[in-house]
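> One structure, pasted below without further comment.
Residue numbers (this note's numbering), protein chains in the order written: chain A, 21 to 388; chain B, 201 to 504.
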């Protein structure tokens, strides 16, 4: 255990190489490939969000990094060290579970001290470390309470303190905010960001909430069907989605997707010409067109005519709930900053080229 | 108003159990207490003298066979209950952690529970037989002389008190394990796996996981098991009969308080009912006392 205690906390990167996890169905049914040849490098000292819909393999990936699940194939490196075969306790990780898994019969202090006692750290030092950690996560005054006497947010901080107190090399968070209410979620995600910055520990967290991932991550990795879809800075991934899945998964309200086609360098939705670009010449025929809600500019002479059903006023913005015969969904939303431009029932728009993406109809790959 | 109207319904439903309880529980209970304090109760005519006295109590506490059964009962309670609880817990934890044949082992350990105690007792009597018993057979392999455990000879048991008590305790232990293991396995499977994952990541040694996580999380169940099995052990009777038979003269050195009470019911002397009633009340008070202590301790020790 000595090596864990002495390991420096900052500057460990994580590399997943060809990581694969197959859950074999013992009753002869279909095997499930939860994670499929997943390759990713997580830079040291960064907060990285693993993002994807339920069942996309993100939690499985996290548990493999933790060592609670054994990969079917592939390798996991912490820095240069291959930890694939290492048992969880030798990896030097802190893990915060989705429902925190605080020991209900122990006080907050005993919960946080639990890992230190396992490492046989002298009582005085352990007490000191516990109190420091409690102060860092802001629960110093709650040390003698039992978990059941704490709110969800407080329990979460205790769980983070327990994970961090043994100075792990890596902090893993499984859906850290999903059990909190909306307001607390906002507060806690800032808190996680702050704690991560102060300790400088490499942190991976798993979430299905794209807003959560975008707001606190230094980098995000979008996953689906056990495969990495895209990785990068949150804003880059949002602005330049590689494929239709990523475009649809990121952003609230979600992107509107339309059936369109290209003719020469022009892009059409129905009869209406949306925009033109030389690059489209290589992809003649049917395409899928994604337009971000903020990609519409009201213009009475605009080319794209949209009927709308009602106006939603959500605090700062106004969003039009609209429908279009070529749209893939029953409705899509258009966000407008200015109420005065709205005309009754139908409106005409120009489309911002940087908010409009064209995808291959078959593969979903980005074309423009 | 509406609720008031329905009051008699509840009483109507309660009548049958109340009548049955009154006839078979409350009436005998009260009569037993009265008999035990009645000086000169005539069991042939069922006649009370209505003179209050402690004579029956004083008498049984000066009567060696009763003191012997009291000692036996206490030995059974204080050896078999803690031992079987700890063993059941360890076996349950073990069973819960193995994957192959888990159900088979669970069934094997549960078999005594569905088997009649008298039948198990007879099996034990065979196992510990002097000449043909399996236990002596195994001992012989290791070059140990045959031990006369519980052998009958001329109608009397030849085995020493210690050996008989050993066989009896082994029997009670085995008999008691089944239900406890079942309850503990149920409890263990209710503990969220995440606690163990968390403990694993924090490199918690196995022994510490058991003592600091499993046992405290099971503590309500452990308390329940302790209380019910203390009460059960105080009432031990059938296991003695199962192994040693029910001839009082032959078994009185190994009998329990309940056995004594039963013997007093069958005995010829005129005041045997009074002694039996007094012994029953003494047993009742002891059980009451220990259940009280148990509840008090578990309030302090049970974690939630």
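Where is the CB? At the ideal position from N, CA and C, for every residue including glycine.
#1: For residue 336 of chain B, is the classification buried or exposed, using 16 other Cβ atoms within 10 angstroms of its Cβ as the cut-off for buried?
#2: So residue 88 of chain A contacts chain B; which residues on that side make the cut at Cβ distance below 8 Å?
#3: Within the same chain, show all residues whose beta-carbon is closer than 7 Å to that of residue 279 of chain B, passing over the 5 residues directly before and after it, in chain order.
#4: So that I know if they touch, is there some Cβ in chain B lying closer than 7 Å to that of residue 379 of chain A?
#5: Using the C-alpha atoms, what's the distance from residue 222 of chain A back to residue 28 of chain A?
#6: Threshold first: 3 residues or longer. Then list the beta strand (DSSP E) segments lying entirely within the segment 344-418 of chain B, N to C.
#7: Are the beta-carbon atoms of residue 505 of chain B and residue 461 of chain B separated by less than 7 Å?
#8: Taking the beta carbon of residue 366 of chain A as the centre, do at least 16 other beta carbons fall within 10 Å, making it buried, or is it exposed?
#9: Which residues in chain A have a C-beta closer than 7 Å to the C-beta of residue 416 of chain B? List them in chain order.
#10: When you compare each of A:153, A:227, A:158 and A:314 to residue 185 of chain A by their alpha carbons, which one comes out closest?
#11: Based on the DSSP output, what are the partners of residue 41 of chain A in its beta bridges?
#12: From residue 45 of chain A to residue 104 of chain A, what does the alpha carbon distance come to, in whole angstroms?
#13: Assign residue 356 of chain B to buried or exposed, taking buried as 16 or more other Cβ atoms, counted over all protein chains shown, within 10 Å of its Cβ.
#14: By how many angstroms is the C-alpha of residue 87 of chain A removed from the C-alpha of residue 106 of chain A?
#15: If you compare alpha carbons, which of A:295, A:326, A:349 and A:37 is closest to residue 378 of chain A?
#16: Between residue 394 of chain B and chain A, is any beta-carbon pair separated by less than 7 Å?
#17: If we cut at 7 Å on Cβ distances, does residue 389 of chain A have a partner in chain B?
#18: Just by C-beta distance, which residues in the segment 105-126 of chain A are closer than 9 Å to chain B?
#19: Could you give the first and the last residue of the continuous beta strand (DSSP E) run that contains residue 353 of chain A?
#20: Could you tell me the alpha carbon to alpha carbon distance between residue 386 of chain A and residue 261 of chain A, rounded to whole angstroms?
#21: Kindly indicate the opening and closing residues of the beta strand (DSSP E) around residue 289 of chain A.
#22: Would you list the one or two residues that DSSP bridges to residue 226 of chain A?
#23: Examine chain B for any beta-carbon lying closer than 7 Å to the beta-carbon of residue 138 of chain A, and answer yes or no.
#24: When DSSP labels each residue in this structure, what does residue 465 of chain B get in the three-state scheme?
#25: Alpha carbon to alpha carbon, what distance is there between residue 215 of chain B and residue 209 of chain B?
#26: Straight-line CA distance for residue 485 of chain B to residue 479 of chain B?
#27: When you check each C-beta in the segment 293-308 of chain B against every C-beta of chain A, which residues fall closer than 9 Å?
#28: Go through the segment 257-331 of chain A residue by residue and report every complete run of the beta strand (DSSP E) that reaches 3 residues or more, in order.
#29: Could you tell me the distance, in whole angstroms, from the CA atom of residue 231 of chain A to the CA atom of residue 121 of chain A?
#30: Which chain B residues are close to residue 135 of chain A, counting only those with a beta carbon under 7 Å from its beta carbon?
Looking at the coordinates:
#1: buried
#2: 397, 400 and 401
#3: 369
#4: no
#5: Unreliable placement is indicated for residue 28 of chain A, whose pLDDT of 43 sits below 50; no coordinate value is reported for it.
#6: none
#7: This structure leaves residue 505 of chain B out entirely; chain B is present only between 201 and 504.
#8: exposed
#9: 125
#10: A:153
#11: A:55
#12: 23 Å
#13: Because residue 356 of chain B sits at a pLDDT of 49, beneath the cut-off of 50, its placement in the model cannot be relied upon, and the point is left open.
#14: 7 Å
#15: A:295
#16: yes
#17: Since the first residue of chain A shown is 21 and the last is 388, residue 389 of chain A is not available in this structure.
#18: 107, 108, 109, 110, 111, 113, 114, 115, 117, 118, 119, 120, 121, 122, 123, 124, 125 and 126
#19: 352-356
#20: 7 Å
#21: 286-289
#22: A:70 and A:194
#23: yes
#24: helix
#25: 10 Å
#26: 10 Å
#27: none
#28: 276-283, 286-289, 292-296, 305-311 and 316-318
#29: 25 Å
#30: 402
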